[in-house]
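Participant: Heads up: the sequence lines are chains F and V, in that order.
The first sequence begins at 3 in the numbering used here and counts up one residue at a time.
The second sequence begins at 84 in the numbering used here and counts up one residue at a time.
Backbone N, C-alpha and C fix where the C-beta goes; we use that ideal spot for every residue, glycine too.
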Amino acid sequence: MSCDESQEKAKTARDERRRSLPIFGGVAKPVEPPRVWRSLTERSRALPASAANEFPAGASELDGVSRRGFMQVLGVSTAIASLGAACQKPNEKIVPFVRRPEEMTPGNALHFATGYSLEGYTAGLLVESHEGHPTKIEGNPSHPDTLGSTTAFEQALILGLYDDDRAKQLRRGEKPIAWTTFLSETRTRCESLTASAGAGLRFLTGPTTSPLLADLRRRILSRFPRAKFVSYAPASGAGAVDGTKLAFGRPLLPRHRLTEASVILSLDADFLNDGPEQTRLSREFAGRREPGRDMNRLYVVEPSMTVTGMTADHRLRLRGGDVPAFAAALCAMVSARGVNGLGALGGLAQGPGSWDQKWLAAVAADLEKNRGRCLVIAGRRQPAVVHALAAALNAALGNVGQTVEYGAPLTTDANSGPEALRGLVEEIASGGIDTLVVTAENPVYGGPVDFKLAQLLKRVPNVVYRGLFEDETAAICNYFIPAAHPLESWGDGRSNDGVVTILQPLIDPLWGGKTEADVLATFLDEGHLGTHALLQKYWNSLSNLPASASGSFDAVWERWLADGVVPDTGAAVEAGVKLNAAGLAQAAGPLLAREGAARGNGLEVSFAVDPKVYDGRFANNAWLQELPHPVTKVTWDNSILISQATADRLGVETGDVLTVSYKERSVDGPAMIVPGHADDALTLPLGYGRERTGHIGKLVGFNAAAIRTSDAPWFDRGASVSVTGSKHRFAITQDHWTMSPDGRDIPPPAVAAPLSEFLKPDSKLHEDLEERRGPQPYIHKPVDYSKQQYKWAMAIDLNKCTGCSACVVACQSENNIPVVGKQNVWRGREMQWLRIDRYFSGSVSDPEVVNQPLACVQCETAPCEYVCPVNATVHSDEGLNEMVYNRCIGTRYCSNNCPYKVRRFNFLDYTGDISPAREMGMNPDVTVRARGVMEKCTYCVQRIERKRIETRIQGRTIAEGELLTACQQGCPTQAIVFGSLNDPNSKVSKLHGEERRYDLLHELATRPRTAYLARARNLNPDIKVD
Amino acid sequence: MAAPEPAILPRDPLEPIPLIEGAHTDRTINDSLFDHVWRGAGKGWWALFGCALTALGMLVVAISWTLYKGIGVWGNNIPVGWAFGIINFVWWIGIGHAGTLISAILLLFQQKWRTSINRFSEAMTLFAVICALLFPLLHTGRPWFAAYWLLPYPSVHRIWPQFKSPLTWDVFAVSTYFTVSLLFWFLGLVPDLAALRDSSKSRTKRFVYGIFALGWRGSGRHWAEYKWAYLLLAGISTPLVLSVHTIVSFDFAVSVLPGWHTSVFPPYFVAGAVFSGFAMVVTWMIPARLFLGLKHVVTIKHLENMAKIMLVTGMMVTYGYMMEHFIAWYSGNPYEFSQFFRARQHGPMAPIYWLMIFCNCVVPQLFWSKRARTNLLVLWFASILINVGMWCERFTIVITSLHRDFIPSKWENYSPTWVDFSLFIGTVGLFSTLFLLFLKFVPAVAVTEVKELRHELAHDPTAEPAGETH
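1) Among the residues of its own chain, which have a CB less than 8 angstroms from the CB of F281 (chain F), if the five just before and after it don't count?
2) Mind listing, in chain order, the continuous beta strand (DSSP E) runs of no fewer than 3 residues lying wholly within the segment 422–462 of chain F?
3) What are the boundary residues of the alpha helix (DSSP H) that includes A465 (chain V)?
4) Would the beta-carbon of A465 (chain V) be found less than 8 angstroms away from any heavy atom of the ligand GTP?
5) According to the Cβ coordinates, are D488 (chain V) and W157 (chain V) closer than 9 angstroms?
6) On the DSSP letters alone, give me the boundaries of the alpha helix (DSSP H) that S147 (chain V) sits inside.
7) Could you tell me whether any Cβ in chain F is nearer than 9 angstroms to the Cβ of G334 (chain V)?
8) With a threshold of 16 other CB atoms inside 10 Å of the CB of V723 (chain F), please say whether the residue is buried or exposed.
9) Under the rule that 16 or more other beta-carbon atoms within 10 Å means buried, what is N853 (chain F), buried or exposed?
10) For G155 (chain V), would you say it is in contact with chain F, using Cβ-to-Cβ distances shorter than 9 angstroms as the test?
11) Can you have a look at I955 (chain F) and say buried or exposed, based on whether 16 or more other CB atoms are within 10 angstroms of its CB?
12) By DSSP, does G516 (chain F) sit in helix, in strand, or in coil?
13) Check the C-beta distance from S356 (chain F) over to G348 (chain F) and give it rounded, since I have them as a contact under 8 angstroms.
14) So, at 7 angstroms on beta carbons, what are the nonlocal neighbours of P871 (chain F) in its own chain, with the 5 sequence-adjacent residues on each side left out?
15) Contact between the segment 208–222 of chain V and the segment 882–891 of chain F is defined here as three or more beta-carbon pairs at a separation below 8 angstroms; is this criterion met?
16) If contact means a Cβ-Cβ distance below 7 angstroms, which residues of the segment 847–876 of chain F contact chain V?
17) Under a CB-based cut-off of 9 angstroms, is L233 (chain V) close to chain F?
18) Please identify the residue among F:K700, F:A714, F:L836 and F:T648 whose C-alpha is closest to the C-alpha of G449 (chain F).
19) Check each candidate in V:V327, V:S498 and V:S515 and name the one with the smallest Cα separation from G830 (chain F).
20) Would I266 (chain F) be called buried (16 or more neighbouring beta carbons within 10 Å of its own) or exposed?
21) Anyone know if the C-beta pair for I188 (chain V) and F335 (chain V) falls short of 9 angstroms?
22) Can you grab the Cα-Cα spacing for the pair S843 (chain F) / E850 (chain F), in whole Å?
23) Grab the span of the beta strand (DSSP E) containing M674 (chain F) for me, first residue to last.
24) Can you give the Cα-Cα distance for T1008 (chain F) and D1001 (chain F), rounded to whole angstroms?
25) Is G881 (chain F) helix, strand or coil by DSSP?
26) Check whether chain V comes within 9 angstroms of R933 (chain F), counting only Cβ atoms and requiring the distance to be less than that.
27) From L540 (chain V) to V395 (chain V), what does the alpha carbon distance come to, in whole angstroms?
28) In three-state terms, what does DSSP make of W281 (chain V)?
29) Ignore the nearest five residues each way along the sequence and tell me which others in T149 (chain V)'s own chain have a CB closer than 8 angstroms to its CB.
30) So with CB distances below 7 angstroms, who are the chain V contacts of L1003 (chain F)?
31) Give the residues from the segment 442–457 of chain F that approach chain V closer than 9 angstroms (Cβ to any Cβ), ordered along the chain.
32) Terminal residues of the continuous alpha helix (DSSP H) containing H132 (chain F)?
33) Measuring CB to CB, does P1010 (chain F) end up less than 9 angstroms from E772 (chain F)?
34) Buried or exposed for P463 (chain F), going by 16 or more other Cβ atoms inside 10 Å?
35) Is I504 (chain F) helix, strand or coil by DSSP?
36) My assumption, with CB atoms under 8 angstroms, is that Y118 (chain F) sits in contact with L127 (chain F). Please give the rounded CB distance.
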């Protein structure tokens, strides 16, 4: 009884909170100050935040002072202002994608095209919105760089939008102020700055391709000619552009095309999981992974295992600092094989390196054999000389125009790395800066440690900072402006190809955030206009609108918004790119020598962007924090990655806390031994150890940036390590590898074999695969599903899966899957319905990897069903293994009897205390599960039913390709295919009939509906694999 | 009243140990066996009762916390969906088996030595089953639904329990077992309750015992009906001894899990249950006969017989283990091989496995020796070790099997929480509380039956001499 009561009470409290944040069209309720506060400031802060939004846009143009007086008079009663206004549809007209109903139909989702910019490059997205709440993110199929898929980061944006920890209050010092106050104060400041032509005015922005921001910058600079803009992002570098400048004589941006590439060599480039092209490259890469003569071959040279490294056919582990020498040696080797055009570059090699010469020779031969059909990609961490050598190789091998194109750089600044910041730092140090406007992502946390930005910024009298969180930079700024989330913002941006996307908001800023354009416009006295007006004004004023933009501007604008891309804006391919081999050789010699000399000896310390929190900007995103790291499967942590041999030498075990000292600084972090890591090197992922952010990301992991200096932003030798003696316990979702002695008797669940085995018609492999599929004796007569309208099934191609984990987050978002926290991951209670099993095989130093996404395989004879005492898991006519949540009593017997262990149990009340804001982001089509209930993958049954309703109304059946599961839709490589086996022409039917197909645990006769396609490794016969 | 200490005469060492020691009349038996009821609670009883109540308090706290927060306060995870809850359930159910076996099967086989210990062990059965019954409900995620959704009641949902699930069979098996055990125990008590009523000094006691004595007057007709009813219930209980643990073993055997999916489970579970049940009876009986003055009716012979049964069932259990391992190897099933020869013997839970082997296979071998069988200290420690071993066996079956199954990526370790330990200790507290109350309010030995036995022994020329004949 007491339990019911407490549930009732919790429910009332939840309802109360829900009412206090009414959805679009809801009734406003008074907003009370927070019940708990730490200071009076905090208490009073809660009030004006909501009040500020009470007035329609434009009303706040009133004089700030009188408005403030107005506020004081009204006092607490002003708080009656609807916080609901914060959640209403944006006032400006936004246009839904594809379906354009006259009015919204409650219960039916709308899709809006927008975009998300990371490092300045914009990915086109399609956002599902229910009654004004965005709930799910997909890639925009019309966008050239996303092609309908997404990255894990993009999938997780939804959670970031509804993050209750986001900054909510604009303030001067500790004092909350209104936007209008900020506008008027900035206006006054601008007047005084005009006198000196803005000599003391500096802007620190993130790298951007936005035409609007570029225009605002131009106009600001014309008003304040002596002002300066600097852009910085912790993960940015100028390597690619500087490299092309060395190779071709002018700065160019490479664009890779893998469709034509038969042989790909990555020089420390995680191109399948990093960078603006990753989604498209993944798709193109996977398109050439069909086993056969046409299958591509991937070589990866890298220090620490990445997603690309796991996917490689041949992988060479090499310290980051040795990659330049490797590139030079490769040039020599390729040149020696008779490739013309490299000229003097052939002589750059500095003698044999630490790598296997045979490996190098084999790669060089393979590249040479595939002239015009190969590609060398250099990674962002590598210095310009490596990019230059890669460009030279591509040019000499005839790849330009085939697998790589060059175009003019798209970002406003050529360099957004530490070198760009150095000038600004010196200026601040010399005391000449009066006003610094920071719109870059948290530079105090992510900036080079030797710049001491935290102390330095205190010397600037006026620091204006716009950020999503009250973070490390917010702590020392004078004005803090809460940023609008990308899904709340108007804006524009360009993809790596130059295609423009107009970013439209899905929802009005929940907590009154401002866009970067809003902030910059205040320096033009246009801060009151709002980004929408600025954006429209800018695009309307363009004299050279794209050719397709005929008709009235309003109509054109609507089309742009609806499509998510502005046609004909792709950047031109630079013609006549010519390699200046002699010049490069001359320049590269000293550069290579410097790389070699500067690196010296000792342990290499190497920094990497994290596949989960990037540079720390996603640190407060619980989905990403709990996402198992693609390689280590660690959640809620970063770790010092180290090879087994080096760990043995140093006497280190996984979990030992190490002190890494580099130059005069040091940082403590737990070690993690990873197979395939380069010896004598440590990899420190960035983005953790945040001291100021929301409660999710605070003090998770250690801050690698504490030893990251401006002259060695990515790697350098000379680090030393000492073992502190304390132990750290990781929350790992997958402890056991096939290497583990415990599992040696068990046949590997993920099948991988050399391509030659697949091509041989009567190989042992085919026999093995044959044994792992087809009918299996079973005590009952199997149910005949062939008469059903649909027989749902899935096929997962292990040859295409890279392990990037976008599907895992997509599933989490689609299915309202809760986050359980580090303690519960420790206990083995993570909730993700879809997990990616990563299996190593071979040696610890040079392992082979297979990734196997595994969710419920929807057995036809499901072992979970017959053991449930209350019929809570039953079979549908179409073969789905269904969970009846409200019937489940939680015996967990089904999970015990599930041989795939894909069922997840709500051990605790994981969803009871989510914030009202977070509730708005839940998918209304999917039940939120209660405590004590089992759950699992449903093949996105809600999507099936939606589509069924839709097609039934139209009097037809669901066509192939019109129904995608969330994981399938998110997957950049299209490794996951879903459909009906009763349609013999469906893609899934064909894949189920493939030679490579096998069923997981086929011997148990569970008749799984999800089939796997074995992975083929396209091995080079000249390279010996142990 | 002062207890008439039954005189135990020195015995010829060559003479077989009798079932009742000393010279007795009905009166002396009455007096000596009712003594602990009438004596009133002594300091020792209160001390034990205090300990038991403390442990019971832990149980209350642990249950409340579990209901308030959810199963997450236990150590369970995925893949280890079942852990302490199910271990405790199976362990307690197993302990209950000695009672039924002694009462029913030994009665049908006319084993005279059962008489002095049947009441004691039946009570144990009952209380063990009560402890066990907590868990099936408590271990579910939503016990407030499990409480009635598992029963086939005419629901407006028109959904019945799923009869293919062994958990549904469990509901019937265990509830039947509990009901029959309760009836059997109570029926046996009726004549003694009447005797207590008749010898009560206070009105209240006479009234209360009178109610429970159901108007027993000891007429010939009463005795005749009583005997029949007792025999019938023994007949009904007999298959239950085999069926309950068989069905409990189905919870595991019916699944596909390596380490669970084994056809040897039903007999081996029953043998294990009897093994642990007798061990528990011995563990309690040795101190009880000392403190309650029952040495003359619960003789060394009784204890020795129980040791022999432990030896036999222990060997059966060992055979079960051998078969599991043999089949795992002989079948060529890689998952089973991995479970039995890697996970169990070398995995993180291996110490529990080896403790199980020691306690269940090695320790009972002591009982080949008569000296060990008749040495109270050896017997007592061995019985405790067997209880520990049987708990470890359930741990190995439930947790070790679950934590390493088919797909190595989802192998996880398991570690219990304070709630898990509190629940286990708490049920020991519940059991002890109920048992101490039982010892306080009803005779621990079936007085009527002992008197009957005395007469039988006295008049049966083939029987062993039971001291003085009248």
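Facilitator: Straight from the coordinates:
1) The count along the first sequence starts at 1 and reaches residue 281 (chain F) at position 279. Just to set this straight, residue 281 (chain F) is Thr in the shown sequence, not Phe. A125, G141, D147, T148, L149, S151, T152, T153 and P974, listed in sequence order.
2) 437–440
3) In the second sequence, residue 465 (chain V) corresponds to position 382, counting from 1. First-last of the alpha helix (DSSP H) with A465 (chain V): L459 to F478.
4) The ligand GTP is absent from the structure shown, which contains no ligands of any kind.
5) Walking along the second sequence from the start, residue 488 (chain V) turns up at place 405. Walking along the second sequence from the start, residue 157 (chain V) turns up at place 74. No, these two residues do not count as a Cβ contact at 9 angstroms.
6) Here residue 147 (chain V) refers to the residue found at position 64 of the second sequence. That run of the alpha helix (DSSP H) goes K126 to K152.
7) By one-based count along the second sequence, residue 334 (chain V) stands at place 251. It should be pointed out that residue 334 (chain V) corresponds to Asp in this sequence rather than to Gly. By this cut-off, D334 (chain V) is an interface position.
8) Within the first sequence, the letter at position 721 stands for residue 723 (chain F). Classification of V723 (chain F): buried, given that the 10 Å Cβ count is 16 or more.
9) As a working note, residue 853 (chain F) is residue 851 in the first sequence. Result: buried.
10) Reading the second sequence from its first residue, position 72 is the one you call residue 155 (chain V). Yes, because at least one Cβ of chain F sits closer than 9 angstroms to the Cβ of G155 (chain V).
11) Position 953 of the first sequence holds residue 955 (chain F). By the neighbour-count rule (16 or more Cβ atoms within 10 Å), I955 (chain F) is not buried but exposed.
12) Counting from one through the first sequence, the residue named residue 516 (chain F) turns up at place 514. Per the sequence presented here, residue 516 (chain F) reads as Lys, with Gly not at that position. The answer is strand: DSSP assigns K516 (chain F) an E or B state.
13) For the purposes of this step, residue 356 (chain F) is taken as the residue at position 354 of the first sequence. For the purposes of this step, residue 348 (chain F) is taken as the residue at position 346 of the first sequence. Going by Cβ atoms, the distance from S356 (chain F) to G348 (chain F) rounds to 21 angstroms, so no, they are not a contact pair.
14) Numbered from 1 along the first sequence, position 869 holds the residue referred to as residue 871 (chain F). Result list for P871 (chain F): T893, in chain order.
15) no
16) P865, Y868, V869, C870, P871, V872 and N873
17) Locating residue 233 (chain V) in the second sequence gives position 150, where the first residue counts as 1. Judged by the 9 angstroms Cβ criterion, L233 (chain V) is in contact with chain F.
18) The sequence position of residue 449 (chain F) within the first sequence is 447, counting from 1. Checking every option, the nearest Cα to that of G449 (chain F) belongs to F:A714.
19) Residue mapping note: residue 830 (chain F) aligns to position 828 of the first sequence, counting from 1. Out of V:V327, V:S498 and V:S515, V:S498 has the C-alpha closest to the C-alpha of G830 (chain F).
20) Here residue 266 (chain F) is taken as the residue at index 264 of the first sequence, counted from 1. Buried, by the Cβ-count rule.
21) In the second sequence, residue 188 (chain V) corresponds to position 105, counting from 1. In the second sequence, residue 335 (chain V) corresponds to position 252, counting from 1. No.
22) Taking the first sequence and counting its residues from 1, the one referred to as residue 843 (chain F) is at position 841. Taking the first sequence and counting its residues from 1, the one referred to as residue 850 (chain F) is at position 848. The alpha-carbon atoms of S843 (chain F) and E850 (chain F) are separated by roughly 5 angstroms.
23) Counting from one through the first sequence, the residue named residue 674 (chain F) turns up at place 672. M674 (chain F) -> beta strand (DSSP E) spans R667 to I675.
24) One-based indexing of the first sequence puts residue 1008 (chain F) at position 1006. One-based indexing of the first sequence puts residue 1001 (chain F) at position 999. Answer to the nearest angstrom: the Cα atoms are 9 angstroms apart.
25) The sequence position of residue 881 (chain F) within the first sequence is 879, counting from 1. It is coil, neither helix nor strand.
26) For the purposes of this step, residue 933 (chain F) is taken as residue 931 along the first sequence, with counting starting at 1. So, interface residue.
27) In the second sequence, counting from the first residue as 1, residue 540 (chain V) sits at position 457. In the second sequence, counting from the first residue as 1, residue 395 (chain V) sits at position 312. Distance between the alpha carbons of L540 (chain V) and V395 (chain V) is about 28 angstroms.
28) As a first step, residue 281 (chain V) is located in the second sequence; it is residue number 198 there, counting from the start. The question names Trp, but residue 281 (chain V) in the sequence shown is Asp. Three-state result, D281 (chain V): helix.
29) Here residue 149 (chain V) corresponds to residue number 66 of the second sequence, with the count starting at 1. Excluding residues within five positions, the ones whose Cβ falls inside 8 angstroms are V156, W157, L221, V502 and L506.
30) Along the first sequence, one-based indexing puts residue 1003 (chain F) at 1001. Simply F489.
31) none
32) Walking along the first sequence from the start, residue 132 (chain F) turns up at place 130. Segment Y123 to H132 is the beta strand (DSSP E) holding H132 (chain F); no alpha helix (DSSP H) there.
33) Along the first sequence, one-based indexing puts residue 1010 (chain F) at 1008. Along the first sequence, one-based indexing puts residue 772 (chain F) at 770. Not closer than 9 angstroms, so no.
34) As a first step, residue 463 (chain F) is located in the first sequence; it is residue number 461 there, counting from the start. Looking at its Cβ environment, which holds fewer than 16 other Cβ atoms inside 10 Å, P463 (chain F) is exposed.
35) Within the first sequence, the letter at position 502 stands for residue 504 (chain F). Of the three classes helix, strand and coil, the one that applies to I504 (chain F) here is strand, per DSSP.
36) For the purposes of this step, residue 118 (chain F) is taken as the residue at position 116 of the first sequence. For the purposes of this step, residue 127 (chain F) is taken as the residue at position 125 of the first sequence. Their Cβ separation, rounded to whole angstroms, is 6 angstroms, which keeps Y118 (chain F) and L127 (chain F) in contact under 8 angstroms.
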